[in-house]
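**Q**
Number of protein chains: 2
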Amino acid sequence: MTDDIVASVVRQWQTVNPGLDTGPMEIIGRINRCAALLQQAEDAPLRSAGLTRAEFDLLGAVRRTDRELTPGELARETFSSGAAVTKRLRALQDRALVERRGDDRDRRVAHVRLTDEGRALVDRLLPEQLAYERSVLAGLDQPGRDELASRLSELLVQLEGRLGGARR
Amino acid sequence: MTDDIVASVVRQWQTVNPGLDTGPMEIIGRINRCAALLQQAEDAPLRSAGLTRAEFDLLGAVRRTDRELTPGELARETFSSGAAVTKRLRALQDRALVERRGDDRDRRVAHVRLTDEGRALVDRLLPEQLAYERSVLAGLDQPGRDELASRLSELLVQLEGRLGGARR
DNA sequence: AGCAGGTATTACACCGGTAAACGATTTGAC
DNA sequence: GTCAAATCGTTTACCGGTGTAATACCTGCT
Chain U
20 MTDDIVASVV RQWQTVNPGL DTGPMEIIGR INRCAALLQQ AEDAPLRSAG
70 LTRAEFDLLG AVRRTDRELT PGELARETFS SGAAVTKRLR ALQDRALVER
120 RGDDRDRRVA HVRLTDEGRA LVDRLLPEQL AYERSVLAGL DQPGRDELAS
170 RLSELLVQLE GRLGGARR
Chain X
20 MTDDIVASVV RQWQTVNPGL DTGPMEIIGR INRCAALLQQ AEDAPLRSAG
70 LTRAEFDLLG AVRRTDRELT PGELARETFS SGAAVTKRLR ALQDRALVER
120 RGDDRDRRVA HVRLTDEGRA LVDRLLPEQL AYERSVLAGL DQPGRDELAS
170 RLSELLVQLE GRLGGARR
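Protein chains in written order, with my numbering: chain U, 20 to 187; chain X, 20 to 187.
#1: Using a beta-carbon distance cut-off of less than 8 angstroms, what residues from the region 20-44 of chain X approach chain U?
#2: Indicate the three-state DSSP secondary structure (helix, strand or coil) for Glu87 of chain X in the structure shown.
#3: Would you kindly check if the distance between the Cβ of Trp32 of chain X and the Cβ of Arg72 of chain U is under 8 angstroms?
#4: Excluding the 5 residues flanking Thr41 of chain U on each side, which residues of the same chain have their C-beta closer than 7 angstroms to its C-beta?
#5: Using a Cβ-Cβ cutoff of 7 angstroms, what residues of the region 155-166 of chain U are near chain X? List them in chain order.
#6: So does the region 58-70 of chain X actually touch the region 162-177 of chain U, counting three or more Cβ pairs closer than 8 angstroms?
#7: Under 8 angstroms between the Cβ atoms of Arg49 of chain U and Ala168 of chain X?
#8: Using a Cβ-Cβ cut-off of less than 7 angstroms, give me the residues of the region 88-117 of chain U that come near chain X, in sequence order.
#9: Counting pairs of Cβ atoms below 8 angstroms between the region 78-95 of chain X and the region 127-146 of chain X, do you hit three or more?
#10: With C-beta atoms as the reference, is Gly137 of chain X less than 8 angstroms away from Val117 of chain X?
#11: Rounded to whole angstroms, what is the Cα-Cα separation between Gly158 of chain U and Val128 of chain U?
#12: Rounded to whole angstroms, what's the CA-CA distance from Met20 of chain X to Gln112 of chain X? Just pull it up for me.
#13: Are the C-beta atoms of Leu65 of chain U and some chain X residue less than 8 angstroms apart?
#14: Against Asp85 of chain X, what residues of chain U qualify as contacts under a CB-to-CB distance less than 9 angstroms, listed in chain order?
#15: Between which two residues does the alpha helix (DSSP H) holding Gly121 of chain X run?
#16: Any C-beta of chain X within less than 8 angstroms: which residues of the region 46-60 of chain U qualify?
#17: Taking only the alpha-carbon atoms, compute the straight-line gap between Arg181 of chain X and Gly121 of chain U and give it to the nearest angstrom.
#18: Taking Cβ-Cβ distances below 7 angstroms as the criterion, which residues of the region 68-81 of chain X are in contact with chain U?
#19: First and last residue of the alpha helix (DSSP H) that includes Arg143 of chain X?
#20: Taking the alpha-carbon positions, what's the Ser172 of chain U to Val35 of chain U distance?
#21: Going straight from the alpha carbon of Ile46 of chain X to that of Gly91 of chain U, what length do you get?
#22: Identify, in the order they occur along the chain, each residue of the same chain with its Cβ nearer than 7 angstroms to the Cβ of Val25 of chain U, setting aside the five sequence neighbours on each side.
#23: Tell me the DSSP secondary structure of Arg49 of chain X in three-state form.
#24: Pull up the distance between the alpha-carbon of Ala94 of chain U and that of Leu39 of chain X, whole angstroms please.
#25: Please list, in chain order, the residues of the region 135-148 of chain X that have any C-beta partner in chain U closer than 9 angstroms.
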């Protein structure tokens, strides 16, 4: 069992400040570090298609709900600000991947849907992306992956309850 | 067992595209989501001290290594670009939390150390931060936390080997 | 001296968030 | 019924933070 960066950081803290309860770092530090490493590399298949992770998330949200979404819904779905969604929509629209359509009843709201190219792009990219992710996770055996997924789900439920409630 | 956001996203994908192997999402999606939620809220104690997470990481790196570090070392230690470190150092120096000292031998390199206030600030903030993080993790029992930490460590080792090697 | 390699900083551009602005709709008082 | 005010969804304006790439500077070797 070799140790990771977080383990050595924790060891440094213990040396310098022996009383410290560094327990939380072992989880939160690792989650942050994993997320950082993943985001740096994970997007390789996306980048080759000229897409940001955030843009892909947006396209994916429209694709998987299989209906038109409003910018507001997209903002909630992708956990980003309305302004960010607006900008991404403009960029994606300029590339003819999404279309805007004004609501007939309420002219404040817009409806966003994928163009055929947008849909085709997502359907081509997502399997590539998942295959890449699968290769990244290949170092863990199946029981380990299940265990990890289930623990993360537990944690995520906690976080959503505690923090997601305070959101918005 | 209630399910989290990732579970419902996976379900949506399965509805729309039944053949898809969504396994990787169960881990990577959750890690990203946890990291996002944590970073939004986790920094509460820091923000009250007027510090960014990145700035705190930088101060922490100097504190825990217990010696002067060069900007380059700090960039590697905090996994950010040299330019970002330069700017953060300027900001922290303006607030008298760190000091720069030029090397006598090699006048390219600088050495960064904490001022007394900087050191005091870290030593005051870190326990607060850890206490806050502990409260966030309180929903998991101790065996669950250990299990999670250990699985994350496994994954992190894999990622560092696979991706960290490609870094620089 | 000149050149190759290394360190830190600066210049520039992108991306995201907050807050203000804008247009549209609903509510409520008269 | 109508007007004014509050509310809502979206967009725009602005700002801060980060990365890449160009720059300045230094060292050590030939």
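The beta-carbon is built from N, C-alpha and C at its ideal position, and this holds for glycine as well. Remember, predicted model here, so these are calculated numbers, not experimental data.
**A** A quick look at the data gives this:
#1: Thr21, Asp22, Asp23, Ile24, Val25, Ala26, Val28, Gln31, Trp32, Thr34, Val35, Asn36, Leu39, Asp40, Thr41, Gly42, Pro43 and Met44
#2: coil
#3: no
#4: Val29, Trp32 and Gln33
#5: Of all residues in the region 155-166 of chain U, the ones placed with a Cβ closer than 7 angstroms to any Cβ belonging to chain X are Val155, Leu156, Gly158, Leu159, Gly163, Arg164 and Glu166, in chain order.
#6: no
#7: yes
#8: Phe98
#9: yes
#10: In contact: Gly137 of chain X and Val117 of chain X (Cβ atoms closer than 8 angstroms).
#11: 46 angstroms
#12: Between Met20 of chain X and Gln112 of chain X, the alpha-carbon positions lie close to 49 angstroms from each other.
#13: no
#14: Annotation: Cβ neighbours of Asp85 of chain X in chain U (cutoff 9 angstroms, chain order): Gln31, Thr34 and Val35.
#15: Unbroken run through Gly121 of chain X is the beta strand (DSSP E), Val117 to Gly121; no alpha helix (DSSP H).
#16: Ile46, Ile47, Arg49, Ile50, Asn51, Arg52, Cys53, Ala54, Ala55, Leu56, Leu57, Gln58, Gln59 and Ala60
#17: 46 angstroms
#18: none
#19: Its alpha helix (DSSP H) spans residues Asp135 to Val155.
#20: 34 angstroms
#21: 27 angstroms
#22: Around Val25 of chain U: Met44, Glu45, Gly48, Arg49 and Arg52.
#23: helix
#24: 25 angstroms
#25: Asp142, Leu145, Pro146 and Gln148
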